[in-house]
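In this note's numbering, the protein residues as written are 1005 to 1288.
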């Protein structure tokens, strides 16, 4: 069944890309590394106690100098260097990941495996570089770490390795604004070098997964695809909006050599595999 994909994001990021993040993501003014560690510990306790909590926490008042000193070259060891996910240089905001949940990791790993399984019949599994969650930094100093990122080994002459061609971001359904801000960052800050952003939203309290694809179209961030995967009664899986398609042109930055090379199609069976991998870890 075809799903309505019409959805458009504001592309004006001169005011930052993390500023719109709201509850349940909590904000704290940054007062140093000790305070950050204490805040993270407190938020983790909230999670264990079953209180309304997010997998993220946002710290304000972090200028570029502070970010470089405390997060990129931290004297507190590798934790601060690992815990941050995004830095908004215009609004001096740092988004910190509290925990690397297993369902989150499983979704990334499962997607990565299915993605490469689609490349294998075309003989292209070794033609793509995967950079995992390596940091990408924009010209204005804003930085981000995705869940997955891909770039072809052979690039057009005018293309650098600074940005991936396709990015994957994963999150829980509690914070759709987080994933939408992710899409806006990648497509706008890269000045169009990132061709496609795939967001995967995992239901926190029910077996429900949503895959969306975002592209920059006429200088506007637009949703191009929506695929939903739900589990109903008697473990029946309902997939709508399949197959989920990754454009060959967007991924490899060139046209396909037909008939051997085609778009990457994640079909019903593959999407069901992804869902079961995540739900098994969630114990649904």
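Beta carbons: idealized from backbone N, C-alpha and C, even for Gly.
Keep in mind that this is a model prediction, so the values were computed, not measured.
query: What's the C-alpha gap between residue 1156 and residue 1226?
result: Translated into positions along the chain shown, residue 1156 becomes position 152. Translated into positions along the chain shown, residue 1226 becomes position 222. Here the C-alpha atom of residue 1156 lies approximately 24 Å from the C-alpha atom of residue 1226.
- prompt: Can you tell me whether DSSP reads residue 1044 as helix, strand or coil?
  reply: Position 40 of the chain shown, counted from the start, is the residue given in the question as residue 1044. Residue state, collapsed to three classes: helix.
- prompt: Under the DSSP definition of a beta bridge, which residues are partnered with residue 1217?
  reply: Translated into positions along the chain shown, residue 1217 becomes position 213. DSSP output for residue 1217 lists 1202, 1229 as bridge partner(s).
message: Can you list, in chain order, the residues of its chain with a C-beta nearer than 8 Å to that of residue 1023? Leave out the 5 residues immediately preceding and following it.
response: Residue numbering aside, residue 1023 sits at position 19 when the chain shown is read from its first letter. For residue 1023, where only same-chain residues beyond five positions count, the Cβ hits under 8 Å are 1092, 1095, 1097.
query: At which residue ranges does the region 1076–1131 contain complete alpha helix (DSSP H) runs of 4 or more residues, listed in the order of the chain?
result: You should have 1082–1087, 1106–1123.
message: Classify residue 1034: buried if its beta carbon has 16 or more other beta carbons within 10 angstroms, exposed otherwise.
response: By 1-based counting over the chain shown, the position of residue 1034 is 30. Label assigned to residue 1034: buried.
query: residue 1144: which of 1029, 1189, 1163 sits nearest, CA to CA?
result: Start at 1 with the first residue of the chain shown, and residue 1144 comes out as number 140. Ranked by how close their Cα comes to the Cα of residue 1144, the residues 1029, 1189, 1163 have 1189 in first place.
query: So residue 1171 and residue 1149 are in contact, right, with Cβ under 8 Å, and what is the actual spacing, rounded?
result: On the chain shown, position 167 is the one that residue 1171 refers to. On the chain shown, position 145 is the one that residue 1149 refers to. With a Cβ gap of about 10 Å, residue 1171 and residue 1149 do not count as contacting.
query: Does DSSP put residue 1028 in a helix, in a strand, or in coil?
result: Taking the chain shown and counting its residues from 1, one reaches residue 1028 at position 24. In this structure, residue 1028 counts as coil in the three-state DSSP scheme.
Euclidean distance between Cα positions of residue 1222 and residue 1206: On the chain shown, position 218 is the one that residue 1222 refers to. On the chain shown, position 202 is the one that residue 1206 refers to. Going from the Cα of residue 1222 to the Cα of residue 1206 covers about 30 Å.
message: Can you tell me where the alpha helix (DSSP H) holding residue 1180 begins and where it ends?
response: Reading the chain shown from its first residue, position 176 is the one you call residue 1180. Run containing residue 1180: 1180–1193, per the alpha helix (DSSP H) assignment.
- prompt: Can you find a CB in chain D that lies within less than 8 Å of the CB of residue 1242?
  reply: Any reference to chain D falls outside this structure, which holds one protein chain only.
message: Measuring CB atoms only, is the region 1160–1170 touching the region 1246–1255, in the sense that at least three cross pairs come out at less than 8 Å?
response: Pairwise C-beta distances place the region 1160–1170 in contact with the region 1246–1255, as three or more of them are shorter than 8 Å.
- prompt: Cβ atoms of residue 1233 and residue 1273: under 8 Å apart, would you say?
  reply: Along the chain shown, one-based indexing puts residue 1273 at 269. Along the chain shown, one-based indexing puts residue 1233 at 229. Not closer than 8 Å, so no.
field: Selected residue, minimal CA-CA separation from residue 1204, among 1159, 1181, 1038, 1083
entry: Start at 1 with the first residue of the chain shown, and residue 1204 comes out as number 200. Residue 1181 is the option with its Cα nearest to residue 1204.
field: Proximity of residue 1090 and residue 1099 at Cβ, strictly below 8 Å
entry: By 1-based counting over the chain shown, the position of residue 1090 is 86. By 1-based counting over the chain shown, the position of residue 1099 is 95. Residue 1099 is positioned such that its CB atom lies closer than 8 Å to that of residue 1090.
- prompt: Relative to the alpha-carbon of residue 1025, which residue among 1183, 1197, 1241 has its alpha-carbon at the smallest distance?
  reply: For this step, residue 1025 is matched to residue 21 along the chain shown. Answer by Cα proximity: 1183.
message: Distance check for residue 1115 and residue 1267, CA to CA, integer angstroms please.
response: Along the chain shown, one-based indexing puts residue 1267 at 263. Along the chain shown, one-based indexing puts residue 1115 at 111. If you draw a straight line from the Cα of residue 1267 to the Cα of residue 1115, it comes to about 16 Å.
- prompt: Should residue 1200 and residue 1219 be called a contact, given that it needs their Cβ atoms to be closer than 8 Å?
  reply: The sequence position of residue 1200 within the chain shown is 196, counting from 1. The sequence position of residue 1219 within the chain shown is 215, counting from 1. Yes, these two residues count as a Cβ contact at 8 Å.
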